[in-house]
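Protein chains in written order, with the numbering used here: chain A, 1 to 114; chain B, 115 to 223.
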Amino acid sequence: DAGVIQSPRHEVTEMGQEVTLRCKPISGHNSLFWYRQTMMRGLELLIYFNNNVPIDDSGMPEDRFSAKMPNASFSTLKIQPSEPRDSAVYFCASSIQGSNQPQHFGDGTRLSIL
Amino acid sequence: RKEVEQDPGPFNVPEGATVAFNCTYSNSASQSFFWYRQDCRKEPKLLMSVYSSGNEDGRFTAQLNRASQYISLLIRDSKLSDSATYLCSMGGGGNKLTFGTGTQLKVEL
């Protein structure tokens, strides 16, 4: 079975540019999560969706970050304009909605903002 | 106080040794607990869920101590391939999980 699919795997761009990260959750999973991981701060939850609806976006750093989930099989995380401090690994994860359900992660996108 | 705390390590152990990690949490309402393994430059992968009664999967044993608010992971007969970072996580209801910063394990010859 296909796992969570993220693209691109790597992204290097100059500051000020728009960055769009993409995620396809596991089929049948109705919860989707966006995380950011850095050495300093570890794994941080940015936002999550249940049934395509954003539930908690309190982890989104600032207005430069936005996320959408137009349908059950696709989500995007956008950064506009990007800054060097946004450099990190961004993970998407999905799960079946409900307590006691583990999350399954994609391979991540390694983002470098120059 | 952080919601989830782990000793970052590294824990350097010889092959064949038994090693244990603890992870403390502050939210007494936490209902679900998991251990994940993360290899260098890879994604976290679910290792095992942690149940109130404790659970075992081969060389790995996970336990929950609600009174003291910690979970533990025990690895017996450690292998070189066990070298990784181990992340604990817990949920307070709903789907949201909070992750620790991870404990690094290095198994050496």
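Glycine is no exception: its CB is placed at the ideal position from the N, C-alpha and C atoms.
TODO: Note down, one range per segment and in chain order, each beta strand (DSSP E) of at least 3 residues found wholly within the stretch 131–214 of chain B.
DONE: Listed in chain order, they are 133–139, 146–152, 158–164, 169–171, 174–179, 184–189, 198–205, 211–213.
Task: Endpoints, the beta strand (DSSP E) within which A/Ser-160 is located - done: One cannot answer for residue 160 of chain A here, as it falls past the ends of chain A, which runs 1 to 114.
TODO: Kindly indicate which three-state DSSP category A/Pro-84 falls into: helix, strand or coil?
DONE: Here DSSP, grouped into helix, strand and coil, assigns A/Pro-84 to helix.
- [ ] With DSSP as the reference, label B/Asn-126 as helix, strand or coil.
- [x] B/Asn-126 falls in the strand class under three-state DSSP.
Task: Short Cβ contact (8 Å threshold) for B/Leu-190 with B/Arg-173 - done: Looking at the sequence shown, residue 190 of chain B is not Leu but Arg. Yes, Cβ-Cβ distance for B/Arg-190 and B/Arg-173 is below 8 Å.
Open item on the list: Just to confirm my understanding: we take A/Ser-31, look at its own chain, exclude 5 residues before and 5 after, and list those with CB closer than 6 Å. What are they?
Closed with: The residues Asn-50, Ser-95, Gln-97, in chain order, have a CB closer than 6 Å to that of A/Ser-31 in the same chain once the five nearest residues on each side in sequence are set aside.
Open item on the list: Within 8 Å of any Cβ in chain B, is that where the Cβ of A/Ile-95 sits?
Closed with: The sequence shown places Ser at residue 95 of chain A, not Ile. Yes - at least one Cβ of chain B is within 8 Å of the one on A/Ser-95.
- [ ] May I ask which residues mark the beginning and end of the beta strand (DSSP E) holding A/Leu-77?
- [x] For A/Leu-77, the enclosing beta strand (DSSP E) starts and ends at 74–79.
TODO: Would you kindly check if the distance between the Cβ of B/Ser-144 and the Cβ of B/Arg-115 is under 8 Å?
DONE: No Cβ-Cβ contact shorter than 8 Å links B/Arg-115 with B/Ser-144.
Open item on the list: Counting only C-beta atoms, is A/Gly-28 closer than 8 Å to chain B at any point?
Closed with: With a threshold of 8 Å between beta carbons, A/Gly-28 makes no contact with chain B.
Open item on the list: Between which two residues does the beta strand (DSSP E) holding A/Gly-197 run?
Closed with: Because residue 197 of chain A is not part of the residues shown, which for chain A are 1 to 114, the question remains open.
TODO: Taking A/Leu-111 as the reference, give the member of A/Asp-57, A/Met-60, A/Ala-2, A/Pro-8 with the closest Cα.
DONE: Looking only at A/Asp-57, A/Met-60, A/Ala-2, A/Pro-8, the smallest Cα-Cα distance to A/Leu-111 is reached by A/Pro-8.
TODO: Please name the residue or residues paired with A/His-104 in a DSSP beta bridge.
DONE: In DSSP, A/His-104 forms a bridge with A/Ser-94.
Task: Simplified DSSP state of A/Ile-55, which is helix, strand or coil - done: Here A/Ile-55 sits in strand by DSSP.
Open item on the list: Comparing C-alpha positions only, which one of A/Ile-5, A/Leu-46, A/Met-39 sits nearest to A/Ser-27?
Closed with: The shortest Cα separation from A/Ser-27 among A/Ile-5, A/Leu-46, A/Met-39 belongs to A/Ile-5.
Open item on the list: Counting only Cβ pairs nearer than 9 Å, list the residues of chain B close to A/Asn-52.
Closed with: The contacting residues do not exist; A/Asn-52 stays about 14 Å from chain B at best.
Task: Minimum C-alpha distance to A/Glu-83 - residue among A/Val-12, A/Leu-46, A/Phe-74 - done: Comparing Cα-Cα distances from A/Glu-83 to each of A/Val-12, A/Leu-46, A/Phe-74, the minimum goes to A/Val-12.
TODO: Assign A/Val-53 to one of two classes, buried (16 or more other C-beta atoms within 10 Å of its C-beta) or exposed (fewer than that).
DONE: A/Val-53 comes out exposed.
Open item on the list: For B/Phe-135 and B/Leu-187, what's the separation of their Cα atoms in angstroms?
Closed with: Taking the straight line from one Cα to the other gives about 5 Å.
TODO: Would you mind working out which of A/Pro-61, A/Tyr-48, A/Asp-57 sits nearest A/Arg-41, comparing C-alpha positions?
DONE: When each option's Cα is compared against that of A/Arg-41, the closest is A/Pro-61.
Task: Buried/exposed call for A/Met-15, threshold 16 Cβ in 10 Å - done: A/Met-15 is exposed by the Cβ-count criterion.
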